[in-house]
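S.K.: Top line first, the protein sequences correspond to chains G and A.
Note that the working numbering has the first sequence beginning at 385, numbered continuously upward.
Note that the working numbering has the second sequence beginning at 24, numbered continuously upward.
Don't be surprised by glycine CBs; every beta carbon is placed ideally from N, CA and C.
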Amino acid sequence: MSTRPYTKIAGAVVLAGLVLLALLVWYGTRVPTSTLADEGSDTPDAALIQRGEYVARASDCVACHSLPDAAPFAGGLKMATPLGAIYATNITPDGATGIGGYSLADFDRAVRHGVAPEGRRLYPAMPYPSYSKLSDDDVRALYAFFMHGVSPVAQANKPSEIPWPLNMRWPIALWNQLFTEPGSFAERPGQNAQWNRGAYLVQGAGHCGSCHTPRGLAFNEKALSESGEQYLAGALLDGWYAPSLRNDPNTGLGRWSEADIAQFLKTGRNTHAVVFGSMTEAFNNSTQYLGDDDLAAIAHYLKSLPGDPQRDGPAWQYEVADASAFSGPGGHLYLTQCAACHGRDGKGQVPWIPPLAGATSALTTAPDSAINISLNGSLRVVSAGVPDAYRMPALRGQLSDQQIADVLSFVRTTWGNRGGKVDPQAVAKLRAHTDPASPTPIVLHMR
Amino acid sequence: MELRINQKTYQVDAEADTPLLWVIRDDLGLTGTKYGCGLAQCGACSVLVDGNVVRSCVTPVAGVVGREVTTIEAIEADEVGKRVVAVWVEHQVAQCGYCQSGQVVAATALLKNNPKPDDGQIAAAMVNLCRCGTYNAIQAAVHDLAANLATPAAPAGGNA
């Protein structure tokens, strides 16, 4: 008799739980409205397809949705997440295995809302938190390009390797609620047209923040626009330090002019740096294809983001290194392994071979980029169809962990650099992590 | 662009980032300078630029405009270079010889900057690779020359 109230309470709790669960599932699988829902999918004109190709370049879709030396946009790239590996999908217009059956509204929901047909949530490895800022016009053009400018490829998608129950997708809708901003990009009234165009490209298609903005505990970008101080403030990802893109003179773009930034994105190099690490792919596939006006706009916008002296410290200044600076093992290694290209004075041979004096990788406290490029060298930089004449060689076979630590400790404490010494343990860790022959190669999180 | 190589002026039509080595060998036909690794690792392509040794495979040609380049072909026009060649012959340093033009250029640069290097300084400066393993002969030759360089050139220094 006395158990009856408990049963009632328990029943009520279970019922409430079921209702809540049903609500969550409804919420997590509901198909959001698309502003493009009422439009037909007529065969577009060539100009729209061409415009869409440009948006696809700016968005660097090919970086994830293709494998090297395979058909573009056919998917298959493996990306590790903390829960298990996932694979980029086929986004060619193949009816059976690609997105050939997508309406414009379906396409819009995938790109800007992260929702596939039937309401299945995409993993945010797809940078829809950034693409949500794309304009209706650009989404229309992008759709026209993928439907009519891309060759269909029949290649089935690989299922993700995330185990049940972690592979349930509906909780992502809650993540979206917390960490994405609704609506496409809205121009800031106080800013000029160039600034707004730059902001649109950087925050939207360019999805620069995917690498350059630090992430929170839920793997969310800490800010999606300049309204947050952490926006593009630099982050560690995939074994590389993606530098700050704010006006930080040491770890960011503080010493770069707008022309320097535009030149870097157009040619892959300037007097401060040459693209390396993950940025090589972004350059090879994306930024160099943007028009000069757009690159100038991006540069203009980035230069408007203030630096943080607290985080970045006093601005780097070149200091001459006399002969005694080279007396240790690191200095000697530098002279024999590095100086032929980067110069005894650390100034490189700009713009072809980058300086190490004042380099971001030598000024940030994170040694990852310096270690990674020393172990693994640089990827081929292809500018306007011409491969680079000079490339950082991979030294993993030649130098021990201790030697790489010694020479990088030298580089990171000489010529005014103050990134600090490098621990051989950190080299050993990244060496194992980036060994292509190891069973657990580089963890590719997001691009 | 205009280059100064071995006291001569050349007009060269090349991209700014073309490696100096390619211009020297392919455009100007000065093939004494060798292509080894192409990665600044081996030193076979060493030449002098304003008296300092550089690896021409990683030197963008635009960077040497207005500077004086010396290749192995003209190394004996230099007083120190002439004595290096002589001592190389005296010690019969070369075996296959492929790396030796780079070795001679590196030794010349060392001795021009530091006429009396000690053995540690010689080892630290002579880092070009030699697959025949002539390192001991190189060390001995440079060591001898370092000891004698303070005195005027001996007339009997056999010349190549």
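#1: Shortest alpha-carbon distance to G:K517 belongs to which of G:A430, G:E703, G:T720, G:T564?
#2: Once you ignore the five residues that flank G:D752 on each side, which residues in its own chain have a CB closer than 7 Å to its CB?
#3: Which term fits G:I682, buried or exposed, when burial requires 16 or more other beta carbons within 10 angstroms of its beta carbon?
#4: State the Cα-Cα distance for the pair G:T597 and G:A480, rounded to the nearest angstrom.
#5: Can you list, in chain order, the residues of its chain with a C-beta nearer than 7 Å to that of G:T749? Leave out the 5 residues immediately preceding and following it.
#6: If we define contact as Cβ-Cβ less than 8 Å, is A:L51 a contact residue for chain G?
#7: Is any beta-carbon of chain A found at less than 8 Å from that of G:V827?
#8: G:I475 by DSSP, collapsed to three states: which one?
#9: Tell me whether A:P178 is buried or exposed, calling it buried when 16 or more other Cβ atoms sit within 10 Å of its Cβ.
#10: The beta strand (DSSP E) with A:N75 in it runs from where to where?
#11: For a test of the three-state rule: what should DSSP assign to G:P513, helix, strand or coil?
#12: In chain G, which residues lie less than 7 Å from A:L62 when you measure between Cβ atoms?
#13: Nearest chain A C-beta to G:H716 closer than 8 Å, yes or no?
#14: In chain G, which residues lie with their C-beta within 8 Å of the C-beta of A:P83?
#15: How about A:V46: is its C-beta nearer than 8 Å to some C-beta of chain G?
#16: Enumerate, from N- to C-terminal direction, the unbroken beta strand (DSSP E) stretches of 3 or more residues contained entirely within the region 122-154 of chain A.
#17: For a cutoff of 8 Å on Cβ pairs, would you count A:V35 as touching chain G?
#18: On the CB-based measure, 16 or more other CB atoms within 10 Å of its CB, does G:V397 come out buried or exposed?
#19: Which full runs of the alpha helix (DSSP H) of 4+ residues lie inside the region 762-801 of chain G, going along the chain?
#20: My assumption, with CB atoms under 8 Å, is that G:A741 sits in contact with G:A754. Please give the rounded CB distance.
#21: Check the Cβ of A:R78 against every Cβ in chain G and list those closer than 7 Å, keeping chain order.
#22: In the DSSP assignment, what are the bridge partners of A:E91?
#23: Count the other C-beta atoms from every protein chain shown that fall within 10 angstroms of the C-beta of A:T32, then say buried if there are 16 or more, exposed otherwise.
#24: In whole angstroms, what separates the C-alpha of A:T41 from that of G:R653?
#25: Once DSSP output is grouped into helix, strand and coil, what is the label at G:Q587?
#26: Which chain G residues are close to A:G86, counting only those with a beta carbon under 7 Å from its beta carbon?
#27: Tell me the residue span of the beta strand (DSSP E) that contains G:S568.
#28: Quick one, which of A:N159, A:Q64, A:A163 has its alpha-carbon nearest A:V110's?
#29: From A:E102 to A:V112, what does the alpha carbon distance come to, in whole angstroms?
#30: Given a cut-off of 8 Å on the beta-carbon distance, is the pair G:P529 and G:E423 in contact?
#31: Measuring only between beta-carbons, confirm whether A:D73 sits less than 8 Å from chain D.
#32: When you compare the CB of A:V107 with every CB in chain G, is at least one pair closer than 8 Å?
#33: Taking A:A147 as the query, report the chain G residues whose CB atoms sit under 7 Å from its CB, ordered along the chain.
#34: May I ask you to list the residues that DSSP assigns as paired with G:I470?
#35: Taking Cβ positions only, does G:T664 come closer than 8 Å to chain A?
#36: Using a C-beta to C-beta distance shorter than 7 Å, which residues of chain G count as neighbours of A:V150?
M.R.: In brief:
#1: G:T564
#2: Around G:D752: L620, G623, W624, Y625, L814.
#3: Per the 10 Å Cβ criterion, buried.
#4: 37 Å
#5: G803, G804
#6: no
#7: The pLDDT assigned to G:V827 is 48, lower than 50, so where the model puts this residue is not dependable, and the model offers no usable value.
#8: Collapsing the DSSP output to three states places G:I475 in coil.
#9: Low per-residue confidence applies at A:P178: pLDDT is 49, beneath 50, and the placement is therefore not dependable, though the value from the model is reported in the following sentence. With fewer than 16 other Cβ atoms within 10 Å, it is exposed.
#10: Note, A:N75: beta strand (DSSP E), 75-78.
#11: Three-state result, G:P513: helix.
#12: Contact note: A:L62 reaches chain G through P777, using a C-beta cutoff of 7 Å and chain order.
#13: yes
#14: Q733, W736, I737, A773, Y774
#15: No, A:V46 lies away from the interface with chain G (no Cβ there is under 8 Å from its Cβ).
#16: none
#17: No - not a single Cβ of chain G is within 8 Å of the one on A:V35.
#18: exposed
#19: 785-795
#20: Actually they do not touch by this definition, with Cβ atoms about 13 Å apart.
#21: A724
#22: A:R27
#23: exposed
#24: 16 Å
#25: helix
#26: Residues of chain G passing the Cβ test: Q733.
#27: Where G:S568 is concerned, there is no enclosing beta strand (DSSP E), given that its DSSP letter is neither H nor E.
#28: The candidate whose alpha carbon is nearest that of A:V110 is A:A163.
#29: 16 Å
#30: The displayed chain sequence assigns Phe, not Pro, to residue 529 of chain G. Going by C-beta atoms, G:F529 is not nearer than 8 Å to G:E423.
#31: In the structure shown, chain D does not exist; the protein chains are G and A.
#32: no
#33: H716
#34: Bridge partners of G:I470: G:M463.
#35: Cβ-Cβ to chain A under 8 Å: no for G:T664.
#36: T720
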